[in-house]
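The working numbering runs 601 ahead of the 1-based position in the sequence shown.
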Amino acid sequence: MHKPPALLTVEALSKNFGGHQAVDKVSFSLQGGAIGGLIGPNGAGKTTLFNCLTGFLQAASGRVLLDGVSLTGLPSCDVFAAGLARTFQIPRPFPEMSVLENVMVAPRGQLGELFWANWLRRGRVAAQERETLEAARYWLDFVGLSALEQQAARVLSGGQRKLLELARVMVSQPKIVLLDEPAAGVNPALLDQITDKVLSLNAKGITFLIIEHNMDLVASLCNPVMVMAQGQMLMQGPADSVLNDPRVVEAYLGSPV
Ligand SMILES: Nc1ncnc2c1ncn2[C@@H]1O[C@H](COP(=O)(O)OP(=O)(O)OP(=O)(O)O)[C@@H](O)[C@H]1O
Ligand SMILES: [Mg+2]
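Below, the structure is given as structure tokens:
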């Protein structure tokens with residue numbers, strides 16, 4: 602049967618920090634509708650790969666395609682506008698801004714930031730700000746943070762910050778969301794909530810790529826699974842075979858088992 606074209610295609614992406622090859626000719630593709638997992642030991646290059654995919658770092662070489670369109674070399678705001686959104690391993694909301702304001706930051710193509718657009722098209726700007734506000738409230742409700750919308754973001758727990766980030770990226774109507782360790786430092790009750798939200802967004806058609814060290818979460822959510830070790834793509838494929846492969850255990854333990 603003909604395989605549909607991938608939503609995300611990464612070709613031979615490389616990034617070095619001086620003499621250290623953090624990402625070394627990494628290639629993979631992800632079909633639309635998938636929840637892909639990206640695992641590997643500390644320092645494997647997973648976050649650096651996300652940084653290169655999302656324009657937070659410039660790759661030394663390689664290509665990134667979203668829906669067949671090249672994102673290679675674009676700055677992070679343009680990558681975000683193209684529909685590729687990410688959350689951070691350590692979320693850093695604006696601490697003194699309210700939870701609601703944090704979710705309203707940087708939606709796609711916001712007209713209000715452009716002075717002339719503001720001046721010439723005030724009606725349209727006001728309408729867009731209303732839409733953004735509505736969307737922000739919708740996504741805050743979705744992640745269960747509505748009751749806290751007027752609180753300063755600094756009061757949120759680690760797990761609530763992860764939920765806030767999810768709401769923030771959803772306002773941009775992404776095609777694909779990259780989550781960097783959504784389970785790290787999150788208590789079990791909130792973790793169940795995050796898992797449920799990812800599944801429900803995926804059922805609505807959002808594609809995910811998730812970096813995670815929590816293997817139970819990877820096994821229950823992710824397919825396919827990709828494994829990085831020392832900057833390279835060690836293995837990729839169906840979750841059940843990858844997670845049971847002795848080479849993956851070896852990569853984590855750093856020695857043959
Ligand atoms: N800005 C930077 N400057 C120099 N070296 C860096 C930088 N960012 C990452 N590195 C190095 O690149 C390598 C890969 O780091 P990266 O953060 O991508 O790993 P990771 O797989 O996300 O690890 P973890 O699971 O601990 O989050 C590490 O050796 C790290 O020290
Ligand atoms: Mg990391």
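Note that the Cβ used here is the ideal one computed from N, Cα and C, for glycine as well.
The three-state secondary structure of Phe629, taken from DSSP, is strand. For ligand 2, the residues with a Cβ under 7 Å from any of its heavy atoms are, in chain order, Lys647, Thr648, Gln690, Asp781, Glu782 and Ile812. Asp679 carries a helical assignment under DSSP once its states are collapsed to helix, strand and coil. For Arg769, no beta strand (DSSP E) run applies; the uninterrupted alpha helix (DSSP H) run containing it begins and ends at Gly759 to Val772, by DSSP. Counting only the Cα atoms, Tyr739 lies some 31 Å from Leu650. The Cβ atoms of Ser801 and Ala754 do not sit closer than 8 Å to each other. Classified as exposed, Asn788 has fewer than 16 neighbouring CB atoms from the shown chains inside 10 Å of its CB.
In this structure, the alpha-carbon of Arg731 lies about 21 Å from that of Gly684. By the beta-carbon neighbour count (other beta carbons within 10 angstroms, threshold 16), Ala686 is buried. Nearest Cα to Thr610 within the set Cys653, Lys776, Val624 and Ser628: Ser628.
In the DSSP assignment, Ser842 falls within the unbroken alpha helix (DSSP H) covering Ala840 to Leu844. Relative to ligand 1, even the nearest heavy atom lies 7 Å or more away from the CB of Ala852. Under the three-state reduction of DSSP, Gln622 is assigned to strand. As DSSP reads the structure, Ala686 sits in a beta bridge with Val778.
For Phe651, the uninterrupted alpha helix (DSSP H) segment begins and ends at Lys647 to Leu654. According to the DSSP assignment, Leu749 belongs to no alpha helix (DSSP H), since it is labelled neither H nor E.
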